[in-house]
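Q: In terms of full-length UniProt numbering, the sequence shown has 222 at position 222, counting the first letter as 1, and numbering is strictly consecutive. The beta carbon of each residue, even a glycine, is placed where N, CA and C say it ideally should be. What you are looking at is a predicted structure, and each value in this text was computed from that prediction instead of being measured. Below is a structure I'd like to ask you about.
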Amino acid sequence: MLDTLFPFKRNFLDRNGHKLHYLNEGQGEPVVMVHGNPSWSFYYRNLVTALSDNHQCIVPDHIGCGLSDKPDDDGYDYTLSNRIDDLEALLEHLDVRENITLVVHDWGGMIGMGYAARYPDRIKRLVVLNTGAFHLPESKPFPWALWICRNTLLGTGLVRGFNAFSSIASYVGVKRKPMSPEVRKAYVAPFDSWANRISTLRFVQDIPLREGDRNYQLVSDIAASLPTFSQVPTLICWGLKDFVFDKHFLAEWRERMPHATVHEFADCGHYILEDASDEVVPLITNFLNDTPSSEV
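Here's what the structure looks like:
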């Protein structure tokens, strides 16, 4: 069933002894799609299908996610800076260094914009889907469910023992209609054991909330880089029923990227490409078509 829903060639990069899985579909200007937690490249399947006739669609699975290897803590340091390094290594491997359309979702926003902050001249367009590239907005309380996962042994047991994070997300992450059993199974399939759920927990534990937290300064630097992209065409598609990346995050994006074109979906949740694929995929396709595919 997965091959039917996800009919793409599997590619692997040897990344410090670990296999990093990625999609590399189509030809043309590159569209790099960066997923978050607790999803994987499967999230972008419909967008890849829509764009690959005219674009090179590159979609990595972060280490610990999807079809990539899932090493323990001795084998990999599950932290934001390493995620950015991995993305950079993949794009260097593929010789992708210009005219990049960057599509980001959830933690993919921080990872993707962390790469963009290193190489702003390589970014041609931005597509932002329920994500952040800055600290928790002052108006936004840290969600209690994330606090439990981040800070307690109970959270560790729920996430790694019962796959609570991935499983619950597959239910609450969509609002218009439930995922089909087949799609939901595909979302949770990579996280099928205590060992294979390490990344879903480490992502949450890696959220920096105060000065002194690991990556706090890195997130500050990423946020400070956003004005660099004030002339970069930007599309924002946002599900307003996301319980984490909600109206507070969207307001922050509007303030920091006032030039962006914004489409709000009042009845959609976190997985906007599931809830509103029939609307969002054409919006992204038209956005790419409306901004010329070659430099003048």
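Starting from the C-beta of SER220, find all residues in its chain whose C-beta is less than 8 Å away, skip the five residues before and the five after it, and write them out in chain order.
A: Along the sequence shown, read from residue 1 onward, the residue named residue 220 stands at position 220. For SER220, where only same-chain residues beyond five positions count, the Cβ hits under 8 Å are HIS135.
Q: Hey, ALA186 and PHE6 are a contact pair by Cβ (cut 8 Å); roughly how many whole angstroms apart?
A: Numbered from 1 along the sequence shown, position 186 holds the residue referred to as residue 186. Numbered from 1 along the sequence shown, position 6 holds the residue referred to as residue 6. Indeed, because the Cβ distance is near 7 Å, the residues count as touching under 8 Å.
Q: Classify TRP238 as helix, strand or coil using the three-state DSSP reduction.
A: In the sequence shown, residue 238 corresponds to position 238, counting from 1. Here TRP238 carries a strand assignment [DSSP, helix/strand/coil].
Q: Using the Cβ count rule (16 or more neighbours within 10 Å means buried), how would you classify ALA224?
A: Taking the first residue of the sequence shown as position 1, residue 224 is located at position 224. With fewer than 16 Cβ atoms within 10 Å of its Cβ, ALA224 is classed as exposed.
Q: In chain order, which continuous runs of the alpha helix (DSSP H) of length 4 or greater are located wholly inside the stretch 73-148?
A: 80-93, 107-118
Q: Under 6 Å Cβ to Cβ from HIS55, same chain only, skipping five residues before and after it: list those, please.
A: The residue you call residue 55 lines up with position 55 of the sequence shown. GLY26, GLY28, GLU29, VAL31.
Q: Can you tell which of PRO190, GLU88, ASN163 has its C-alpha closest to the C-alpha of GLY114?
A: Position 114 of the sequence shown, counting from 1, holds the residue named residue 114. Of the candidates PRO190, GLU88, ASN163, GLU88 places its Cα closest to the Cα of GLY114.
Q: Should LYS241 and LYS175 be called a contact, given that it needs their Cβ atoms to be closer than 9 Å?
A: On the sequence shown, position 241 is the one that residue 241 refers to. On the sequence shown, position 175 is the one that residue 175 refers to. Yes, these two residues count as a Cβ contact at 9 Å.
Q: Whole angstroms are fine: how far does the CA of PHE203 sit from the CA of ASP106?
A: Locating residue 106 in the sequence shown gives position 106, where the first residue counts as 1. Locating residue 203 in the sequence shown gives position 203, where the first residue counts as 1. Taking the straight line from one Cα to the other gives about 11 Å.
Q: Please list, in chain order, all residues of the same chain as HIS160 whose beta carbon is under 6 Å from its beta carbon, the five residues on each side excluded.
A: Walking along the sequence shown from the start, residue 160 turns up at place 160. Per the sequence presented here, residue 160 reads as Arg, with His not at that position. Correct list, in chain order: TRP194, ARG197, LEU201.
Q: Would you identify the three-state DSSP class for residue 299, choosing helix, strand or coil?
A: Within the shown structure, residues of the chain are numbered from 1 to 296, placing residue 299 beyond reach of any answer.
Q: Just reading off the alpha helix (DSSP H) that ILE58 is part of, what are its end residues?
A: In the sequence shown, counting from the first residue as 1, residue 58 sits at position 58. No alpha helix (DSSP H) contains ILE58, which is instead part of the beta strand (DSSP E) from 55-60.
Q: Measuring only the C-alpha atoms, how far is ALA189 from PRO178?
A: Along the sequence shown, read from residue 1 onward, the residue named residue 189 stands at position 189. Along the sequence shown, read from residue 1 onward, the residue named residue 178 stands at position 178. So the alpha carbons of these two residues sit roughly 17 Å apart.
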